[in-house]
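Remarks on the structure that follows.
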Amino acid sequence: MTAIQLIGFLWFASAIFIYVVGSLVFLFWLKKLGVRLIFGFRGIPGYAEYAYLNWCKSQKCSPTWILVLRGLSFANVILAAIVVIPMIIAAHAK
C-alpha cells in the first residue's frame, strides 16, 4: 500500500467515523432539546435534520449552522467514497 492509498484510506475511515459519531451526538442533543423523533426513522440520513428544522421553525430560531455542518460532514463521506473506493479497487486488481 502506497502512502497516498494509506492517506486516502485514513481519510475515508475518519470521514465515516466523524459522521457516525456526529450523528449520535446530534440525536442525543435533539433528545435533550425535547425534539420528538420516530425510533425507526433515526437512522435515515436527513430525518434528524428535518426534525431539527421543524423544531427550529416552532421555536423561531435559525437552523443554518447546524444544518451546514451536518451537510458538510455528509458531503465529506460521499467525496471520500468517490475518491478512495476506486483507488482501493485498483490497488487490489494488480
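For what it's worth, our numbering labels the leading residue of the sequence shown as 929, then goes sequentially.
Positions of the beta carbon are idealized from the N, C-alpha and C atoms, including for glycine.
Distance CB(residue i)-CB(residue j) smaller than 8 Å
i, j, result
"Trp983", "Val953", "no"
"Glu977", "Leu965", "no"
"Ala1003", "Gln933", "no"
"Leu1007", "Pro991", "no"
Residue i - DSSP class collapsed to helix/strand/coil
i, result
"Thr930", "coil"
"Cys989", "coil"
"Leu965", "coil"
"Ile935", "helix"
"Gly974", "coil"
Host alpha helix (DSSP H) of residue i (start-end)
i, result
"Val1012", "Thr992 to Ala1021"
Nearest-angstrom beta carbon gap, residue j and residue i [assumed within contact, 8 Å]
i, j, result
"Val1005", "Gly936", "13 Å between Cβ atoms; not a contact."
Minimum C-alpha distance to residue i - residue among the options
i, options, result
"Gly974", "Cys989, Gln987, Ser986 and Leu1000", "Leu1000"
"Ala1009", "Leu934, Ala941, Ile932 and Gly950", "Ala941"
"Phe969", "Ala979, Arg998 and Ile1016", "Ala979"
"Gly971", "Ala931, Phe956 and Lys960", "Phe956"
"Gln987", "Leu961, Ser951, Phe967 and Arg998", "Leu961"
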